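In terms of numbering that gives the first Met the number 0, the sequence shown opens at residue 0 and continues consecutively. C-beta: ideal position from N, C-alpha, C; glycine also. A quick note: this is a predicted structure, and the numbers were derived from the prediction, not measured.
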Amino acid sequence: MRYFFLSFLLFIFSNSLHAQKNIASSPDKNIKLEVSVLNGNAFYQVFYKENKFLDQSPLGLLSSVGDFTKGLKLVGNTKNTIQESYKLERSKVSSVNYKANETKCVFTNAANDTLHIIFRITNTDITFSYLIPKSKKNTGNCIIEKEITGFKLPLKSTAFITPQAPPLSGWEKTKPSYEEEYTRETPVATKSQYGLGYTFPALFHVEDKGWLLISETGISGNYPGTRLSDASSDGIYTVAFPQEGENNHNGSVTASGILPMQTSWKTITLGTTLKPIVESTASTDVVKPLVKTSKIFNPGRASWSWIVWQDESCNYKDQKTFIDLASDMKCEYILIDALWDVNIGKEKMAELVDYAKTKNVSVLLWYNSNGNWNTAPQTPKNKMNTQETRRAEMQWLQQIGVKGLKIDFFGGDKQETMKLYHDILTDAAEFGLNINFHGTTLPRGWERMYPNYMTSEAVLASENLVFQQAFCDRYPSTATIYPFTRNAVASMDFGPVFLNKRLNREPNKGNFRKTTDAFEMATAVVFFSAVQHWGLTPENLTEKPSYLFEYLKNVPTVWDETLFIDGYPGKYCVIARRKNTKWYVAAINGENKTKNITVNLPMLKGKDISIISDGEGQESKFSTRKLENSSYNLELSANGGTVLFMP
Ligand code: CA
């Protein structure tokens, strides 16, 4: 009431002073948003419990309808409360009660064109989106040339963010593909690795006051995927559109649409601790299901030969071995990776799918996405980029009983490429195929928008354990960053859980794994992906204790509830997840030193639980006990872990 009165007064009296304000807050009043216009420029500020989390940050965009970067007046504002309950079937939570205060600010520019900005504030997030309405003057289509949307972090904040890679760089010109390393607590004005800014999501430690995660959602081909520029010297990161060279220079670097035209939603998740970030549903809250289907798309676990046995294993015999492994491990799926079309062929693939059926295992197949936007030689290629060919291929896949696709090597974030993701998802839904994207953009709300969307890479994933020892060395720490960044906003196909000492088919070759076995078990829970592709190989089953496999045979891949327990990016992470009545609590230690951490686990109090924890060296140990009270002391080895679960 006080804020309302204040904003009313400011609104009335400030028109003549060239300063106009609109103030809104979260239902619990902890988050406060202040939108203002100063000398024709629109800004917003964000406060959490009276602490400033975002300083005066610019708003506006340049469009063919009008220039909304300057000469603005705040001419109106409507407030609304939004309450919606919705279900998710392939996510970190299954049921969401969304409660938000909405404030719609109406601006006009010097030419009297109108721009709306819709802000929604929950107790953990601010999401906002621009809308250019139809008017008497403007009725047709619209180009958005750029956004000047910015995020001004307090200067002493530090960042965990991943740089944008140059277009057509990297292996066979497959970048940018969201496969860069996260920075670790870099000062906000640090120049990015390639001078091209950063990709979403971006995590900030806001001085000693709390945490803030910035990301984007709600793109189905209606908008390019955007990112952040390098910060200016005063700490402002600005939204950037794709670079001209992305997608091999095909497509536009602007956004195009029909009026009324709405942009993507930018999401800001914040709080004193990392809890809101791990538990946020901002990326699904503001989107809607786009595709109706009666088909069922099952989440699940998969065996995957390529990750350790590499390209040579994509042959009939080895894949049969991995179908047997999937069956032994009670996996729903086997993923058969690149080059199957050459090394197995379509006819033998149909036989292999039939064999898998007899073992109760469904087949997922790899495809190259291109097109001309990379030079990756892996086949099958040129099957997914045009509609007729894609639908013919999908019809064949459906006929032989394939259940899903992993499609790799996309070419950037232009609107044209975002439309390709949408087209693949909608066609695949019709043919009963679930979808996993690799070499790819960040998924933006797709868990709710598409019934067959399972997961995406968009992360420096487990293949890098196989490619470089240095990544193995850093992996324990890297793994503790993902739950607070990439995996906080969407399903993440990291491809976890390795038990080989060296990551190669030959026991005396390959990079050395630095994590303990218990750490590896914990990643099955710490990392969320609706389909998990295990890094297991057949010999693991005879070499390692059976309780590890009993656990993996039962661990879910989608969850009813997800809770942050404790952690610090780069150092350690403890997460609890529930499926039906069973809780799993998983901890990983990102540092090369032992740790004792006492955590509060009320969900396990009085329950009989099983524990996989660190034993001698990399080995694990297994115990069962009844947890008498909710306090539990985790004893983690260097690069170690623990999983507590209800059998
Ligand atoms: Ca990749």
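Selected residue, minimal CA-CA separation from residue i, among the options
i	options	result
D27	L600, I116, E49	E49
N247	K172, V286, G224, W264	K172
W395	A349, Q192, Y550	A349
G224	E206, V252, Q531	V252
I160	F483, A637, S609	F483
Q163	K190, V360, T138	K190
L212	Y481, Q531, T515, F497	Y481
S134	K208, T320, A110, L464	A110
P275	V488, Q531, G589	V488
D66	Y550, I143, E33	I143
N79	L273, Y452, T561, T121	T121
E542	Y583, K356, F497	F497
D207	N503, F52, F296, L338	F52
V290	G494, A523, R447, I117	R447
K91	P555, K382, A391	P555
G400	K382, L364, T113, G169	L364
G344	V362, V360, N314	N314
S56	S63, V642, V36	V36
R183	P175, Y193, T561, H204	H204
F493	A355, L269, R576, F527	F527
A188	L202, T157, A201, S63	T157
Y583	E590, K592, V573, G589	V573
For residue i, three-class secondary structure by DSSP
i	result
S13	At S13 the pLDDT is 45, less than 50, meaning the model places this residue with poor confidence; the figure from the coordinates comes in the next sentence. In the structure shown, S13 sits in a helix (DSSP, three-state: H, G or I).
H437	coil
N79	strand
A109	coil
S302	strand
A325	helix
V573	strand
K405	strand
P275	helix
N246	helix
L212	strand
P162	strand
T378	coil
T283	helix
T556	coil
R1	Its pLDDT being 46, under 50, R1 is placed unreliably in this model, and the value from its coordinates should be taken loosely. If DSSP states are grouped into helix, strand and coil, R1 belongs with the helices.
L195	coil
W533	coil
T157	strand
K151	strand
K508	coil
S35	strand
S84	strand
S609	strand
V74	strand
E311	helix
K136	coil
N- and C-terminal bounds of the beta strand (DSSP E) containing residue i
i	result
P57	50-58
Y47	40-47
Q19	18-24
N297	Where N297 is concerned, there is no enclosing beta strand (DSSP E), given that its DSSP letter is neither H nor E.
E144	140-146
T123	Segment: none, T123 is in no beta strand (DSSP E) and carries neither H nor E.
S622	619-625
V642	640-644
T268	264-270
Integer Cβ distance of residue i from residue j, believed to fall under 8 angstroms
i	j	result
A236	S228	For the record, residue 236 in the displayed sequence is Tyr; it is not Ala. Rounded, the Cβ-Cβ distance is 6 angstroms, consistent with contact.
E538	D412	About 41 angstroms; that fails the 8 angstroms criterion.
A521	V557	Not quite, the Cβ-Cβ distance comes to about 18 angstroms (not below 8 angstroms), so this is no contact.
F621	I611	6 angstroms
Y571	A586	7 angstroms
Q467	N510	7 angstroms
Y97	E83	5 angstroms
V285	T440	Their Cβ separation, rounded to whole angstroms, is 18 angstroms, which puts V285 and T440 out of contact at 8 angstroms.
Host alpha helix (DSSP H) of residue i (start-end)
i	result
A517	516-525
T388	386-399
A428	414-429
K552	545-553
N591	Taken as a continuous stretch (DSSP letters only), N591 belongs to no alpha helix (DSSP H), as it is neither H nor E.
E542	539-542
CB contact below 8 angstroms: residue i versus chain C
i	result
P376	Included in the structure is just one protein chain, with no chain C present.
Problem set entry | Sequence ranges, alpha helix (DSSP H) only - wholly within the segment 328-373, length at least 4 | 339-342, 345-357
Problem set entry | Unbroken stretches of the alpha helix (DSSP H), 4 residues or longer, contained in the segment 436-501 | 445-448, 462-466, 468-478, 485-488
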